[in-house]
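Protein chains: 2
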Amino acid sequence: MVQEANEGPLSGVVVVDLSSVIVGPACSLALADHGAEVIKIEPPSGDLMRKLGGGAKHPGMTGKFMNFNRNKKSVCIDLKKTAGQEMLYTILAKADVFISNMRTEALAQLGLDFVTLQKLNPQLIYTQVLAFGKGGEYFNRPAYDTVIQSASGVAGTFEKSSGEPRFVPLVMTDHITGMIAAQAIGFALYRRTRTKKGELIEIPMFETMSAFVLREHLGNMTFKPAIGPIGDARILDKNNRPVKTQDGYISISPNTNEQAFAFFDLISRPELKGDPRFCSVEARTLHSVDYYALRSGSLLGKTSAQWIDLFEQRDIPCMRYNSLENLVEDPHLQQVGFLRETVHPSEGPILEMGLTNHYSGGVRQQFTPAPRLGEHTLSVLAEHGYGPEEIEIALQNQVIFSEAKGV
Amino acid sequence: MVQEANEGPLSGVVVVDLSSVIVGPACSLALADHGAEVIKIEPPSGDLMRKLGGGAKHPGMTGKFMNFNRNKKSVCIDLKKTAGQEMLYTILAKADVFISNMRTEALAQLGLDFVTLQKLNPQLIYTQVLAFGKGGEYFNRPAYDTVIQSASGVAGTFEKSSGEPRFVPLVMTDHITGMIAAQAIGFALYRRTRTKKGELIEIPMFETMSAFVLREHLGNMTFKPAIGPIGDARILDKNNRPVKTQDGYISISPNTNEQAFAFFDLISRPELKGDPRFCSVEARTLHSVDYYALRSGSLLGKTSAQWIDLFEQRDIPCMRYNSLENLVEDPHLQQVGFLRETVHPSEGPILEMGLTNHYSGGVRQQFTPAPRLGEHTLSVLAEHGYGPEEIEIALQNQVIFSEAKGV
Numbered sequence: 281m282v283q284e285a286n287e288g289p290l291s292g293v294v295v296v297d298l299s300s301v302i303v304g305p306a307c308s309l310a311l312a313d314h315g316a317e318v319i320k321i322e323p324p325s326g327d328l329m330r331k332l333g334g335g336a337k338h339p340g341m342t343g344k345f346m347n348f349n350r351n352k353k354s355v356c357i358d359l360k361k362t363a364g365q366e367m368l369y370t371i372l373a374k375a376d377v378f379i380s381n382m383r384t385e386a387l388a389q390l391g392l393d394f395v396t397l398q399k400l401n402p403q404l405i406y407t408q409v410l411a412f413g414k415g416g417e418y419f420n421r422p423a424y425d426t427v428i429q430s431a432s433g434v435a436g437t438f439e440k441s442s443g444e445p446r447f448v449p450l451v452m453t454d455h456i457t458g459m460i461a462a463q464a465i466g467f468a469l470y471r472r473t474r475t476k477k478g479e480l481i482e483i484p485m486f487e488t489m490s491a492f493v494l495r496e497h498l499g500n501m502t503f504k505p506a507i508g509p510i511g512d513a514r515i516l517d518k519n520n521r522p523v524k525t526q527d528g529y530i531s532i533s534p535n536t537n538e539q540a541f542a543f544f545d546l547i548s549r550p551e552l553k554g555d556p557r558f559c560s561v562e563a564r565t566l567h568s569v570d571y572y573a574l575r576s577g578s579l580l581g582k583t584s585a586q587w588i589d590l591f592e593q594r595d596i597p598c599m600r601y602n603s604l605e606n607l608v609e610d611p612h613l614q615q616v617g618f619l620r621e622t623v624h625p626s627e628g629p630i631l632e633m634g635l636t637n638h639y640s641g642g643v644r645q646q647f648t649p650a651p652r653l654g655e656h657t658l659s660v661l662a663e664h665g666y667g668p669e670e671i672e673i674a675l676q677n678q679v680i681f682s683e684a685k686g687v
Numbered sequence: 281m282v283q284e285a286n287e288g289p290l291s292g293v294v295v296v297d298l299s300s301v302i303v304g305p306a307c308s309l310a311l312a313d314h315g316a317e318v319i320k321i322e323p324p325s326g327d328l329m330r331k332l333g334g335g336a337k338h339p340g341m342t343g344k345f346m347n348f349n350r351n352k353k354s355v356c357i358d359l360k361k362t363a364g365q366e367m368l369y370t371i372l373a374k375a376d377v378f379i380s381n382m383r384t385e386a387l388a389q390l391g392l393d394f395v396t397l398q399k400l401n402p403q404l405i406y407t408q409v410l411a412f413g414k415g416g417e418y419f420n421r422p423a424y425d426t427v428i429q430s431a432s433g434v435a436g437t438f439e440k441s442s443g444e445p446r447f448v449p450l451v452m453t454d455h456i457t458g459m460i461a462a463q464a465i466g467f468a469l470y471r472r473t474r475t476k477k478g479e480l481i482e483i484p485m486f487e488t489m490s491a492f493v494l495r496e497h498l499g500n501m502t503f504k505p506a507i508g509p510i511g512d513a514r515i516l517d518k519n520n521r522p523v524k525t526q527d528g529y530i531s532i533s534p535n536t537n538e539q540a541f542a543f544f545d546l547i548s549r550p551e552l553k554g555d556p557r558f559c560s561v562e563a564r565t566l567h568s569v570d571y572y573a574l575r576s577g578s579l580l581g582k583t584s585a586q587w588i589d590l591f592e593q594r595d596i597p598c599m600r601y602n603s604l605e606n607l608v609e610d611p612h613l614q615q616v617g618f619l620r621e622t623v624h625p626s627e628g629p630i631l632e633m634g635l636t637n638h639y640s641g642g643v644r645q646q647f648t649p650a651p652r653l654g655e656h657t658l659s660v661l662a663e664h665g666y667g668p669e670e671i672e673i674a675l676q677n678q679v680i681f682s683e684a685k686g687v
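First to last, the protein sequences are chains A and B. Taking the numbering used here, the leading residue of the first sequence gets 281, the next gets one more, and so forth. Taking the numbering used here, the leading residue of the second sequence gets 281, the next gets one more, and so forth.
Structure, rendered in structure tokens:
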């Protein structure tokens, strides 16, 4: 099923995606954007994100849903009906990858356990995102992003930096685990070219995110006995944040002596060049708490634009701070064509995000809009050998659902 | 160069990694943990993270460096010397993947631009992590994690949720971009099995992270004209954070009616079941600000353990909050064997993180300790055909450096 004008690295790969909300859809979006054909299997109620994704012009088409599900096909099947399961088996028999974030027992109840699907299609790469891995006492507990942020140390980094745990205002652990699941699928596809066999991949969110946090912060506790407290003190410093200016915020990183001394001149504190806490890279690293504190109150006298101008003249690393609103208008993003206006067939004019990675071997050329629920039910089943009569009966029996007729 | 007892999906893949600090090493760590042979090329001064990674028992072996660089080999070459460049060419001629986070012009000065390396080895997958992509005005500006957090909207999510921008106390944009770079390399390796050709991959951090943030938060502004303010209000709610108890914090997610009503009973507010703001899923979604506010002050009367016990009895999703110290002692992580004690040959007893993803097709079995600077210079050059005399001359001329002799 290689499509023309679709030249991403995963062109020709067929993915059956039974996942919903964020972690699975983020994974299959990465595959779709890289050229895979992603067939999203939805229950009659649809992916929960169709409703929970904030504002929408039409029911089921929230902005958040659309941004995680473009370049996919939607096939709506009631898998609680045996006839629905059989249709899914037909699709899975020709697929390369299966993705789910359902619990193991729920998958088994639907006849979608690894052993069954491996018999059906020995080449299938069966990918299961779990909240918590097998063998530990949290296995089978429900997964919510906040549950994982709370348990995996993400919230804990804020307790260290500001005295109080908090969540990152992103569905960060879902989203990162989704990226890592797509990574795992790429690796398994590569292995399959040699072994000619599929396999089972399990990605537990809690373990994945704990590793993410601890790689950065285990630090002194890597050693037994520990040689100091846990955590990277520079990253956890309470003043490691955007610096306030007269009219907003910027970020600055004066690291070398040249940069630091130019910075001291610009904030009218030239005497600090001789301060034993700040006179060398080593001294500033050792006294990073003081160095961060010094920065935090130093830029109130000028606007962000004035400071950036001055810092750039002196080659001091600095950067504008973008609010979410500013980000959409960012000049660099506009120059690289990252956000482009396009027209969704049912939702009208929308902003579409371009691909961010460049591959000289080719990228996906043709984008398809985020699908309405069941938009591709009929076409995908027809491609898989179902005749008009079979499809009609399945529709009548509410085994499948389609919005294609209304288009 | 397939190694025995190394059965990860990337077994046999040879990676030459010229990167340093976090973004590149995070990428090559993912490849190494999945079975690739990663040859880390270091300058005589070593990867900066050897020094900046916090506490160490011996110079250059900080905990953070070790946790991002296990399962890799260290080859120390002075690439400013022509003889050093030639040695690197010899290694690259047999490699599958090249990774760098240097600027394009710096790579060209070292004779390591894509065109040169493609001629040397047409199968090479040449991967460059950039701060900002080509074609936009920020191109060639220096990349620091905080610069990207400031510009890409990560800091901006905090302004929405709490009135003030801040950084996540993780080197989050480096770390995520590194994961996505490893994903891209996996996809390119898969494509190469068909095309038999290498390619150039560019991963710009700013664009990558802007897409990460906007996929979640573009929301209402996806539509033209916008149908509401930017940002997912539920995620950005100021009370979307771990909930304080008598002795700490926990996270809770009472979502269904059953869960919410049980929660109201347990906090002795049964009358809320009839409150029009909280009586249904739709009502609680519409009044999420009130619902979060209600939770935040409701758990001060009991300890975390008492609440978790009560919530679990009533099937209300909840989870312990782990400080960084607690995380290392977490019972589930211990049960799955995630953190295991091992002995580093020069650094003594250490905690080593296990693999978090499970592959039925096999995972890397044998782990190698984080290398000392130049630990594998001699063995890797010998494997690539250099004789003892050539190596001796290169050592004397300070083209290469080795710590292997002292072992």
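For each residue, glycine too, the CB sits at the ideal point set by N, CA and C.
Residues that DSSP places opposite residue i in a beta bridge
{"i": "Gly-628/A", "result": "His-624/A"}
{"i": "Met-599/A", "result": "Ser-531/A"}
{"i": "Ser-380/A", "result": "Gln-408/A"}
{"i": "Tyr-639/B", "result": "Ile-481/A"}
{"i": "Met-633/B", "result": "Leu-619/B"}
{"i": "Val-355/B", "result": "Ile-321/B"}
{"i": "Ala-435/A", "result": "Partner(s): none; Ala-435/A has no beta bridge."}
{"i": "Asp-297/B", "result": "Lys-320/B, Ile-379/B"}
{"i": "Ala-336/A", "result": "Thr-342/A"}
Integer-rounded CB distance, given that residue j should sit under 8 Å from residue i
{"i": "Pro-509/B", "j": "Asn-519/B", "result": "The Cβ separation is near 18 Å, so there is no contact."}
{"i": "Ser-533/A", "j": "Tyr-424/B", "result": "5 Å"}
{"i": "Leu-590/A", "j": "Gly-433/B", "result": "About 25 Å separates the two Cβ atoms, so there is no contact after all."}
Nonlocal neighbours in the same chain, by C-beta distance under 7 Å from residue i, ignoring five residues either side
{"i": "Arg-383/A", "result": "Asn-420"}
{"i": "Thr-583/A", "result": "Thr-525, Gln-526, Asp-527"}
{"i": "Ala-462/A", "result": "Cys-307, Ala-310, Leu-311"}
{"i": "Ala-431/B", "result": "Phe-486"}
Close beta carbons around residue i, own chain, < 6 Å, minus the five adjacent residues each side
{"i": "Lys-685/A", "result": "Confidence at Lys-685/A is low in this model, with a pLDDT of 48, below 50, so the placement of that residue is unreliable and no value is reported for it."}
{"i": "Lys-440/A", "result": "Gly-511, Leu-516"}
{"i": "Arg-514/B", "result": "Ser-568"}
{"i": "Gly-326/A", "result": "Gly-340, Leu-653"}
Cβ-based neighbour list, residue i, same chain, cut-off 8 Å, excluding 5 preceding and 5 following
{"i": "Lys-477/B", "result": "Pro-402, Gln-403"}
{"i": "Val-717/A", "result": "Lying before the first or after the last residue shown, residue 717/A is absent from chain A, which here runs from 281 to 687."}
{"i": "Asn-677/B", "result": "Lys-361, Ala-363"}
{"i": "Gln-593/A", "result": "none"}
{"i": "Arg-471/B", "result": "Glu-479"}
Cβ-based burial, residue i [other Cβ within 10 Å; buried from 16]
{"i": "Ile-673/A", "result": "exposed"}
{"i": "Thr-502/B", "result": "buried"}
{"i": "Lys-414/A", "result": "exposed"}
{"i": "Arg-474/A", "result": "exposed"}
{"i": "Thr-490/B", "result": "Note that residue 490/B is Ser in the sequence shown here, rather than Thr. It is buried - the Cβ of Ser-490/B has at least 16 other Cβ atoms within 10 Å."}
{"i": "Gln-408/B", "result": "buried"}
{"i": "Val-687/A", "result": "Confidence is the limiting factor: at Val-687/A the pLDDT is only 34, short of 50, which leaves the residue's position unreliable, though a coordinate-based value still follows. Counting Cβ neighbours within 10 Å, Val-687/A comes out exposed, since fewer than 16 surround it."}
{"i": "Gln-646/B", "result": "exposed"}
{"i": "Val-561/A", "result": "exposed"}
{"i": "Leu-498/B", "result": "buried"}
{"i": "Ala-373/A", "result": "exposed"}
8 Å Cβ cutoff met for residue i and residue j
{"i": "Gly-634/B", "j": "Arg-620/B", "result": "yes"}
{"i": "Ser-299/A", "j": "Leu-328/A", "result": "no"}
{"i": "Val-493/B", "j": "Leu-631/A", "result": "no"}
{"i": "Cys-356/B", "j": "Ser-682/B", "result": "yes"}
{"i": "Asn-602/B", "j": "Asp-610/B", "result": "yes"}
{"i": "Ile-481/A", "j": "Tyr-529/B", "result": "no"}
{"i": "Lys-353/B", "j": "His-656/B", "result": "yes"}
{"i": "His-338/A", "j": "Glu-663/A", "result": "no"}
{"i": "Gly-315/B", "j": "Gly-335/B", "result": "no"}
{"i": "Pro-416/B", "j": "Gln-615/A", "result": "Sequence check: residue 416/B is Gly here, not Pro. Result yes, Cβ atoms of Gly-416/B and Gln-615/A sit closer than 8 Å."}
{"i": "Phe-321/A", "j": "Asp-297/A", "result": "Strictly speaking, residue 321/A in this sequence is Ile, with Phe absent from that position. A contact, by the Cβ cut-off of 8 Å."}
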